[in-house]
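S.K.:
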Amino acid sequence: YVVTLNPLRPMGEGQVAVVSFQNPAGGDPIIVNQKIWPKLPHITLTSPPLTCVVKDKPYSISIRIEDANGTLLQSFETTLTSSMDQSVLPDRPLVVGPVYELNKDMVGHVDGKLPGEPKPDCSKAT
56 YVVTLNPLRP
66 MGEGQVAVVS
76 FQNPAGGDPI
86 IVNQKIWPKL
96 PHITLTSPPL
106 TCVVKDKPYS
116 ISIRIEDANG
126 TLLQSFETTL
136 TSSMDQSVLP
146 DRPLVVGPVY
156 ELNKDMVGHV
166 DGKLPGEPKP
176 DCSKAT
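Number 181 marks the last residue of the sequence shown (the numbering used here); no jumps.
(1) Is it buried or exposed, M139, if we count other Cβ atoms within 10 angstroms and call 16 or more buried?
(2) Given that a residue counts as buried once 16 or more other Cβ atoms are within 10 Å of its Cβ, and exposed if not, what is P173?
(3) What does a CB cutoff of less than 6 Å around V108 pick up in its chain, not counting 5 residues either side in sequence?
(4) When the Cα of I120 is compared with those of K179, D166, M66 and Y56, which residue comes out closest?
(5) Provide the residue span of the beta strand (DSSP E) that contains N124, from first to last.
(6) Going by DSSP in three states, Q89 sits in which element: helix, strand or coil?
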């Protein structure tokens, strides 16, 4: 998941976004604590890599903005819907690192599929 927030007023030092992403594979939600950089024009919240994503299914996201002491300043909920199904996504990221270098594991695999790569267990998918 990638969620971009556009603050309508200045953000303060020490604020944190606490994000609960619905886990497409089932089980507990994925929790991410992300520092908010007050001088940036927007806030980008990113989940770790996901598995078992289903096309056109809305996944819930809860966001809490907290101050440096953990006091709730704002909370809201939204959903994200993938336009692609897990079956068409590559087995591993096509690019890696901060400068988006080609992933050496994927060389020669133009379809993004690695022979023998274990498939995720989606039996508990939500």
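Glycine included, each C-beta is placed from N, C-alpha and C at the ideal position.
M.R.: Taking the structure as given:
(1) Burial state of M139 is exposed, judged by a 10 Å Cβ sphere holding fewer than 16 other Cβ atoms.
(2) exposed
(3) P79, S137 and Q141
(4) M66
(5) Element bounds for N124: n/a, residue is neither H nor E.
(6) strand
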